[in-house]
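These notes concern the structure reproduced below.
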Amino acid sequence: MSEIFQTFKDKYIYWSNHQGFRKYFANTSWLFAEKFVKIFVSFFVAVWVARYLGPNQFGLLNYSQSFVALFTAVATLGLDGIVVRELVKDETKQNEILGTSFVLKVMGSLLAIIFIAVALFFSSNDKLTNILIFIIAFSLFFQSFNVVDYYFQSQVLSKYVVFANIITLILSNIVKVVLILNNASLVYFAWTILFDSIILASGLIYFFSKKANLKIPNFTFNKTMMVTLLQDAWPLMFAGIASMINMRVDQVMLGKMTDFEVVGNYAAAVRISELWLILPTLIGTSIYPAVISSKKKSHELYLQRVRRIICYMASFAIPFAILVTILSELIVTTLYGDKYLFAHTYLSIYIWSGLPYVVFFVMGQVVMIERLTKISLYSSVGIVVMNFVLNSIFIPRYGGTGAAMTTLFVAYLTQILIISILYKKLKIKKWRINESSKENM
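For the sequence shown, my numbering assigns the number 29 to the initial residue and increments by one for each residue that follows.
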């Protein structure tokens, strides 16, 4: 027993004095702080909103958000990970990289809004639904300022992004509570989504100018840089479109094939399921620069670091999914009330789709680092086709349960496909962790 304690003590001393570990641990801690606030403040206000609106109106709001989300990848142009990678590689071109990215994202957001308008023209939505979609769509423009977030990610300074997000969360939730207490109509809750994007953009600009001593007016646009970024990003943009379709098409198709009450129950289950996905996302975002750096040191260290990240995330995901499955009915009725009783069935199925997401998220970073972006495109397009086909078959027969089962099947198929391709491309023979790899973490 004393030997085990001494080993644990030695490891603690080693890691606590490891400069790289302390840097990334501090960055991840800030991200955890933001998500903690989001879970225990924003999530419960969101539950209150769901209770206030009821399954039908809550379903309509989520349908509108999902409709807009289908075009989000057009607004981002697949630049997110690419820009962070370029900033880490060459800090001397910060203003050029950020400026070119900003112009591209503004153009992308305007293009996305135009696409949404065209899609609505050919849709059979009623007037209220179209109004909700248009209000939410204009939030895409203000997401162009997320280039500031890319800078802070590249510098492992996520605390300033956390500050901006927390301010946005607090103001947004205050507004939502005021709306509930004043018996506001559904359309006002759509306006809060646009309000959130404006406040977040303002906060990012403030911290960018005050803490990073950089200003957006100093950004420069470079045509050569634009071509370089788009050459790497275009497959990711189309892959992102496919990915977003995979994530949101179930709610859109449920709204078209069933009714908004089913969408409301399904959305309630999805909200709970997506909570724990915060963990792999924030860890992966925080240590992405470290994974890029390890590639420069050695190929073996790079592969071992990727494997270790996946193992750590999966070790949390599996017991969490088991627990949620067992307690699904209690969780749903406690949070949302008896009106959302059907959501517990969807939750017990949907929660398991998070496990392959862990692998897919990390492997997605590997794809960007290795410049294998076309892999994401080809695999995602194939998965989209399967998603449409399976949802078309199972939603009319089984409703929300059919949508959840389709999501689960597609998620695991995506994981298997991506891993198989990367094993071959990177010539991975085995994922053994050796002592030298541990020391370099």
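All C-beta atoms in this analysis are idealised placements derived from N, C-alpha and C, irrespective of residue type, glycine included.
- Residue burial is scored here from C-beta neighbours: Asp177 has at least 16 other C-beta atoms within 10 angstroms and is therefore classed as buried.
- For secondary structure counted as the alpha helix (DSSP H) over 4 or more consecutive residues, the segment 117-193 holds these complete runs in sequence order: 122-149, 155-165, 167-170, 175-182.
- The continuous stretches of alpha helix (DSSP H) do not include Ser70, and DSSP gives it neither H nor E.
- DSSP places Thr286 in the coil class of the three-state scheme, outside both helix and strand.
- Taking the CA atoms as reference points, Thr362 sits about 11 Å from Leu355.
- Annotated three-state conformation of Ala431 is helix, per DSSP.
- Scanning Phe72, Asp108, Val73, Arg276 for the CA closest to the CA of Ser182 turns up Asp108.
- In the displayed model, Glu328 falls within a helix according to three-state DSSP.
- Inclusion of Asp278 and Asn419 in the CB contact set at 8 Å is warranted, their separation being smaller than that value.
- Within the segment 68-107, the complete alpha helix (DSSP H) segments at least 4 residues long are 72-97, 100-104, listed from N- to C-terminus.
- When the beta-carbon positions are compared, Ala371 and Ala431 stay at least 8 Å from each other.
- Just measuring C-alpha positions, the residue of Ile273, Phe173, Glu124, Ile110 sitting nearest Lys251 is Glu124.
- Within 10 angstroms of the beta-carbon of Arg399 lie fewer than 16 other beta-carbons, which makes it exposed.
- In the displayed model, Ser271 falls within a helix according to three-state DSSP.
- Contact between the segment 68-76 and the segment 274-290 is absent: fewer than 3 CB-CB pairs across the two stretches fall below 8 Å.
- Classified as exposed, Ser151 has fewer than 16 neighbouring CB atoms from the shown chains inside 10 Å of its CB.
- 8 Å or more divides the Cβ of Ile142 from the Cβ of Leu168.
- A buried status is given to Leu375, since no fewer than 16 other beta-carbon atoms sit within 10 Å of its beta-carbon.
- Look at Gly365 here: in three-state DSSP terms it is coil, with no helix or strand label.
- Cβ atoms of Tyr91 and Phe288 come within 8 Å of each other, at about 6 Å.
- Scanning its chain for C-beta atoms nearer than 6 Å, with the 5 sequence neighbours on each side dropped, one finds around Thr434 the residues Leu418, Asn419, Phe422, in chain order.
- Taking C-alpha positions only, Val175 is separated from Asn211 by approximately 37 Å.
- Of all C-beta pairs linking the segment 192-212 to the segment 130-141, fewer than three are shorter than 8 Å, placing the two stretches out of contact.
- With the rule of 3 Cβ pairs closer than 8 Å, the segment 229-238 does not count as touching the segment 109-117.
- With a 10 Å radius around the Cβ and a threshold of 16 neighbouring Cβ atoms, Leu264 comes out buried.
- Cβ atoms of Asp260 and Ile397 stay farther apart than 8 Å, at about 11 Å.
- About 6 Å separates the beta carbons of Tyr385 and Ala439, which is inside the 8 Å limit, making them a contact pair.
- In the structure shown, Thr248 adopts coil according to DSSP, grouped into three states.
- Following the DSSP letters along the chain, one finds Ser230 inside the alpha helix (DSSP H) bounded by residues 214-238.
- Between Ile164 and Leu222, the gap from beta carbon to beta carbon is short of 8 Å.
- A Cβ-Cβ contact shorter than 8 Å links Tyr378 with Ser301.
- By the CB criterion at 8 Å, Thr157 and Leu81 fall outside the cutoff.
- Of the candidates Val255, Val390, Asn246, Thr373, Thr373 places its Cα closest to the Cα of Gly427.
- Exposure of Asn246 is indicated by the presence of fewer than 16 other C-beta atoms within 10 angstroms of its C-beta.
- Taking a C-beta distance under 8 Å as the contact criterion, Gln122 and Tyr179 qualify as a contact pair.
- Looking at the backbone, the Cα of Lys325 and that of Phe149 are separated by about 53 Å.
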